[in-house]
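Student: Residues in the sequence shown are numbered consecutively from -18, following my numbering.
C-beta: ideal position from N, C-alpha, C; glycine also.
Given the structure is predicted, the values throughout are model-derived calculations rather than measurements.
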Amino acid sequence: MFELLSTTQAESLWVCFVLAVAASSISITITQTELFIPVQNLANKCGYMIGYLFKCFYCIKHWVVILGVALYQPRVIVSDFALVDWIVSAFFTITISSLVSGIMFNVFIRAMNKKLKQIEVQEASQK
């Protein structure tokens, strides 16, 4: 019988999905919250490119995914070349992470628009 996914590949897909969600969350937290402003300022002192890395959620997401793939070594495709398999897994995970980030930003934008409309309604009702 033909097996579409082996147990190892299914586990690797799960690891890639978890890494993608974690990378999205970590990158947005580091680049978009006030909690990491001191780290961003320190990175700016180290150099322009390092400072930019801590302001660009898409850039830092790559490094988080690369670190995660290096640690967990998921193999979405299995060939005789493990390094190539890990590179494919890394880009697969980065793509999923970008989709997750898009969903997260969409939720944030909708929440901000809702809050702005509430403020506008309150101001209009007070006049």
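For residue 65, does the count of other Cβ atoms within 10 angstroms reach 16, so buried, or fall short, so exposed?
Tutor: Exposed.
Student: Please report the distance separating the alpha-carbon of residue 62 from that of residue 51.
Tutor: Distance between the alpha carbons of residue 62 and residue 51 is about 15 Å.
Student: Can you grab the Cα-Cα spacing for the pair residue 37 / residue 95, in whole Å?
Tutor: Rounded to whole angstroms, residue 37 to residue 95 spans 26 Å at the Cα level.
Student: Taking the C-alpha atoms as reference points, what is the distance between residue 60 and residue 74?
Tutor: Each residue's alpha carbon lies about 18 Å from the other.
Student: What first and last residue would you give for the alpha helix (DSSP H) that runs through residue 100?
Tutor: First-last of the alpha helix (DSSP H) with residue 100: 63 to 107.
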